[in-house]
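Heads up, the sequence shown is in my numbering, so the first residue is 459 and it goes up one at a time. Cβ coordinates follow ideal geometry from the N, Cα and C atoms, glycine included.
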Amino acid sequence: VENRRLVRDGASAGGHAVDRPLEPNAMRGTWTVAIHTDPKQAAVASQMFLVEDFVPDRIELDLSSDKQEIAQGETANVTVDGRFLYGAPAAGLALEGELTLSTTRDWDRFKGYSFGLADEQSAEPSVTPFTDLPVVGEDGKATFPVSADQLPSTTKLVDAKITVRMRETGGRAVERSLNIGVRPQGHMIGIRPDFDGDEVPQGGTAKFSLIAVDPDGRREALQGAQWSLVKVERNYQWYRSSNSWNYEPVTFTKSVANGQVDLTADGDATVSLPVDWGRYRLEIETSDPEGPATSYEFDAGWYVSSTTTETPDGLEIALDKDNYAAGEVAKLKVSPHFAGELLVTIGADKLLKTVTASVPADGSTIDIPVGDDWGAGAYVTATLFRPGDAQETRMPARAIGVKWLKVDPGSKKLAVTLTPPDKTMPRQQLSIPVSVAGVQPGANAYVMVAAVDVGILNLTNYKVPDPETWFFGQRMLGLEVRDLYGRLIDGSLGTSGKLRTGGDGANIQSQGSPPTEKLVAFFSGPVPLDADGKARIDFDIPQFNGTVRVMAVSWTKDGVGHARSDVIVRDPVVITAGLPRFLAPEDSAVMRLDVTDADGPEGDYALSINTTANLSTGSAALPEKLTLAEGKRQTLTVPLIAETPGNASITIKLAHADGTAVEQTLYVPVRPAQLPVTTRMVVDLKGNGGSLRVDKELLAASVLDGASVSVGVSQAAAFDVPSLLMTLDRYPYGCAEQTTSRAMPLLYVNEMASGVGMASDADLHGRIQDAIYKVLSYQASAGSFGLWGPGSGDLWLDAYVTDFLTRAREQKYDVPTQAMNQALSNLQNAIGYDQDVKDRGSQIAYALYVLARNKKASIGDLRYYADTQLEAFTSPMAVAQLAAGLALYGDTQRSEATFQAALQLANSSSAYDYYRSDYGSPLRDGAAMLALAAESKPVPTIVPALIKRVTQERAAVRWTSTQDESWMLLAARALKAGNDSIALTINGAPHAGAYSDQIAGSDIAN
């Protein structure tokens, strides 16, 4: 789902920075930013990022082992090195973890080879928790033994994964893992496929390299190894059970070929096998039933390109330098196994140059001039050909070697230097001097600087931006080499080489919960450098103890560079606390305080702990002093008792006799157990003397901070715009329906303001725009909307949200075109097959009305339902929406008749269905009918009757829903006129017309 399109015009020498504030309810998970220079073309770049709730780490740890491999029963010593991010060792913290043993076919010593039987059923990994792990010592380290005693019965290898968690004093854990190989208990046979992707073409030849290895990981000879190639086939056995048909797969094999091969200690044995279409398994074993056995499964003819062949022989080539400047001559040394004709191709994403030469058996050196247009570099691919010779009975041969020729970026690589302080204190400005060398005279140079808490970066193993590697690093080879030699080579001769280029990847691991403190994550945006290539960036560091990573990227029109530096931020005495996320009135909790003397003087510190009025520490006496030693940590617990709702805080102060003082304020929200309450009173102000007094007695029962009184005087009490707005604004939830109900009336508030005695709201535009983006975060890829996230299945909700987006677009708000088109297409698709008017008439009618408002409805559908299906509709609002849709297409006669039918249906409905799926009520339906009628042109004759009906319905109910309030506000547009005759006296001053005001509870009390 496309969330937002942002346009940035002001480039800074090709650099851009765009801010994208995220809504509090933004969809969690992976987001992608796509950058387009032309919106109709493919993105020139993209970047993924995670949106999650999280709390930054406070500690970090490293795991190391004194052994990379162990045998069964052998012990490896694992060392944990932990530290707080503010620099102190993580002394005294508890450890926990487990040892996980699982099978694997890979051995790090022998890359590319597989060991063990491919069809062996893998057992579930065994997990053994560690017991009696040591507490971290004063130096932040702990060492404990690990051994693999009970290994699974398997022909494969075993991998030992050691997982350790270190717990902060507040209970949160930071986890790290370390893998140690377990040497096999017996001899092993390894198979390496000499083709790509576990697949060979139909009718091709599958070539394998074989080795034998002893339990200590040394290559060894193995005589008379038996190999067999079997074809794996699968049938399905159908059977009947419990009156239904089921099936189960039946796998069997057919022998294709077999033979013997001798494995040597100093080279690879090879097996080459012609195969037809299907799945195959190569099995290798010895005559000894207790000996090693290995197998490898592969496919033939499964979507394999006809150009796929065996991996060619490797050609040893080397360049005389690590990098070259444009215009230099690179020396390519070729060391072949045979004489032949050499073709050298130079290219990356396109062919740049070719060179040919005859190469003798003892090798040769080829000169390659480096071009100016080679960018970051190019691949040098050398292919040596030797034709066949019938007299010498030799086969044709070819060998390939690939080398990356790096072009020195020279002046395009800028040298960036950061010189922030190694250590600073919080609650003050962090100044970061930046110096950039290599900027050409007169060039415009810029730098962007970010300063981020390392505890945040560690959550996803974030890597520092490195534009030099991006622009000047090794590229993926974009050329293909095609020839027919692979089909001519005699596979029984020679040893195959394997050439691979590529990268690696890892799954992003994240952990998180909602943050309760201000996050340290600052970004400067583009900052111009002065004539000397220097700049200074300042960030205001909040209350914080940890490590801040400073990252800088600098650029000009022709060059880039980057740098990083870490700054420890801490008080002389560091206070950290484990706090509850929130409390309710009368809740009791315990706060754990850790106080570490990092840089302060030793000795006694006076301690004071103060709380706001709505939070207390109970009746127990708290210590009045702490005795601290350098580098040591003291821990104490403080009881907390919540009193009344509001934002509570705890202030901890430490003071030493030499003047060293530390103060830290911690925040805990105290939330009431009950939701906010709105009480509505209707007062009839009679002419010539009617009065109303607004004083603190109105709020006598309120316990919440932020209580207020809204006063509105108008001709119709049912349409009290200020009160309705306040009630909607205070509504505590924010699903798609509630957000739409709160935001849709706001589209017309400033239009209604003067008519009801309200001032215009200057912040209204931003609030509505935020609501648009919020509901769009609930949109699914098909265009539908879910209540709390992307979803589908509620057509009425889809129409309601799309109605809001339509009205917002009419009022010139930013509604992304793609999102709007998807929403409308979803409505069109839904009503195309849904014609169940009896059960889903309200959904169909609303969808048709929204489509009509966007000129995308079928007038024939509207007339069909109005002429033939009207009696099947059970919702007066739905009938009114059909009437409004007809009015939008100019069918005024049918529209008037249908509006009359809607009023008649409302008056005849004696019982209310409380299980309606359209969030409706009699009050909502009446208000919606009035709003739709008032918007129609010409205005239908039923408006006066609807005003009377809505007034009666409002007086009859005590509680209203967001639907009631939203549509009543929309209906209030019909009553903008009519208040001109009102004459009031407000606090002794005359006032003409409607009046409204909102008074804060604190102002009334004072």
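Cβ pair residue i, residue j closer than 8 Å
i	j	result
A979	I914	yes
A503	I493	yes
G570	R650	yes
I804	A836	yes
L1084	V1053	yes
G1247	M485	yes
V1135	A1100	no
T627	G555	no
D1116	P1059	yes
D1228	F1243	no
A1452	S1172	yes
I1302	V1295	yes
Spatial neighbours of residue i in its chain, beta-carbon cut-off 8 Å, leaving aside the 5 residues before and after
i	result
A679	A670, D720, L721, T722, A723
D1187	R1200
Proximal residues to residue i (C-beta, below 7 Å), its chain only, five neighbours per side dropped
i	result
S1168	P1180, S1181, M1184, Q1456
L1124	A1035, L1037, S1107, I1108
A1078	P1097
P707	R692, Y694
A1277	E460, L1234, Q1237
D1055	V1031, L1086, A1087, E1088, G1089, K1090
Of the listed residues the options, nearest to residue i (C-alpha basis)
i	options	result
A501	V491, E510, R1321	V491
V1141	A1176, V1128, E1155, T839	A1176
E578	L1222, A751, K870, K808	A751
R463	G472, P879, T495	T495
R1407	A1392, A1385, A1391	A1385
P1203	A1324, T1075, A1389, F981	A1389
R1431	D1116, D1055, E1209, G772	E1209
L1282	A1240, G1459, P732, G1299	A1240
L1263	S1375, Y1291, Y1231	Y1231
G639	F666, Q681, F568	F568
A475	T1137, V1011, S1460, K1314	V1011
V1048	L1065, K1111, T1075	T1075
Through-space distance from residue j to residue i, alpha-carbon basis
i	j	result
A819	V538	55 Å
L1258	L1361	Correcting the residue identity first, residue 1258 is Tyr in this sequence and not Leu. So the two alpha carbons sit approximately 22 Å from each other.
A1194	T1420	12 Å
K956	S730	Note on K956: pLDDT 35, under 50, position unreliable in the model; the coordinate value appears next. Distance between the alpha carbons of K956 and S730: 15 Å.
L832	R563	Here residue 832 turns out to be Trp, not Leu, going by the sequence shown. Taking the straight line from one Cα to the other gives about 41 Å.
G1318	L1143	51 Å
N902	A783	25 Å
V865	A664	39 Å
V894	P923	16 Å
I1400	A1341	12 Å
H1449	L1428	26 Å
G595	F588	18 Å
I1226	T1198	10 Å
S822	K791	6 Å
E1082	V604	45 Å
S1023	L543	14 Å
L1222	Q1132	29 Å
A815	T711	50 Å
V762	R737	Any reading at V762 needs caution, since the residue's pLDDT is 41, under 50, leaving its predicted position unreliable; the model's value is listed next. Spanning the two alpha carbons is a distance of roughly 13 Å.
Assigned exposure category for residue i - 16 Cβ within 10 Å defines buried
i	result
F997	buried
E460	exposed
L1245	exposed
V1273	buried
I1444	exposed
P794	buried
G1004	buried
D825	exposed
P1334	buried
R466	exposed
L809	exposed
Chain D within 8 Å of residue i, Cβ atoms only
i	result
G1378	This model lacks chain D altogether, as it is built from one protein chain only.
Cutoff 6 Å; reference residue i; Cβ partners in own chain excluding five residues on either side
i	result
F843	G798, E799, R856
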